[in-house]
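Novice:
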Amino acid sequence: MSRLFAGTPWDRPPTCDRCDRPESECSCPPRVSEPNRIPPAEQTARLTTERRAKGKLVTVITGLDSEANDLEELGTRLKNACGAGGTVKDGRIELQGDRLQAAEKALQAIGYRTRAARG
Ligand SMILES: [Zn+2]
Numbered sequence: 013m014s015r016l017f018a019g020t021p022w023d024r025p026p027t028c029d030r031c032d033r034p035e036s037e038c039s040c041p042p043r044v045s046e047p048n049r050i051p052p053a054e055q056t057a058r059l060t061t062e063r064r065a066k067g068k069l070v071t072v073i074t075g076l077d078s079e080a081n082d083l084e085e086l087g088t089r090l091k092n093a094c095g096a097g098g099t100v101k102d103g104r105i106e107l108q109g110d111r112l113q114a115a116e117k118a119l120q121a122i123g124y125r126t127r128a129a130r131g
């Protein structure tokens with residue numbers, strides 16, 4: 013009798029994404045939701061602008077560790093605060109357009125120290 017998903021990526025027992033063993037054999041410690049968070053007041057966000065292809069400006073926020081901060085959540089807050097689109101990738105938050113001042117204000121409102129310089 014053939015299995016429904018034979019030969020497809022679903023044809024595997026669920027495995028742990030940390031030890032790669034089947035979940036039934038995994039003995040990894042339980043995941044802690046916020047293991048290494050650092051208070052915003054102890055961090056400095058660096059803001060700059062970068063010019064992309066076709067002359068488009070993006071505002072880039074770096075210097076915030078992705079384990080010490082929930083960058084996805086922070087990215088969403090900054091996008092809302094600036095009314096801009098953006099992405100979070102490789103520990104960087106990018107906002108479309110020149111959002112340096114608005115993003116800096118929003119970060120400071122959360123409690124982050126900031127250092128801003130246009131690129
Ligand atoms: Zn595991």
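So in the working numbering, the last spot in the sequence shown is 131, and the numbers never skip.
For each residue, glycine too, the CB sits at the ideal point set by N, CA and C.
With DSSP as the reference, label ILE73 as helix, strand or coil.
Specialist: For the purposes of this step, residue 73 is taken as residue 61 along the sequence shown, with counting starting at 1. Strand at ILE73.
Novice: Could you compute how far the alpha carbon of LYS101 sits from the alpha carbon of SER39?
Specialist: Locating residue 101 in the sequence shown gives position 89, where the first residue counts as 1. Locating residue 39 in the sequence shown gives position 27, where the first residue counts as 1. If I take the Cα positions, the gap works out to 30 Å.
Novice: Does the segment 95 to 109 come into contact with the segment 70 to 87, if we say contact requires no fewer than three beta-carbon pairs (one atom in each stretch) closer than 8 Å?
Specialist: Enough Cβ pairs lie closer than 8 Å, so yes.
Novice: Could you check how far apart the C-beta atoms of LEU83 and THR126 are, in whole angstroms? I think they sit under 8 Å.
Specialist: The residue you call residue 83 lines up with position 71 of the sequence shown. The residue you call residue 126 lines up with position 114 of the sequence shown. Contact flag wrong, Cβ pair sits at about 16 Å.
Novice: For the alpha helix (DSSP H) containing ILE122, list its first residue and its last residue.
Specialist: Working through the sequence shown from its first residue, we reach residue 122 at position 110. 112 to 122 is the extent of the alpha helix (DSSP H) around ILE122.
Novice: Would you mind working out which of LYS66, THR27 and ALA121 sits nearest LEU5, comparing C-alpha positions?
Specialist: It is not possible to answer for residue 5, since the shown part of the chain is limited to 13 through 131.
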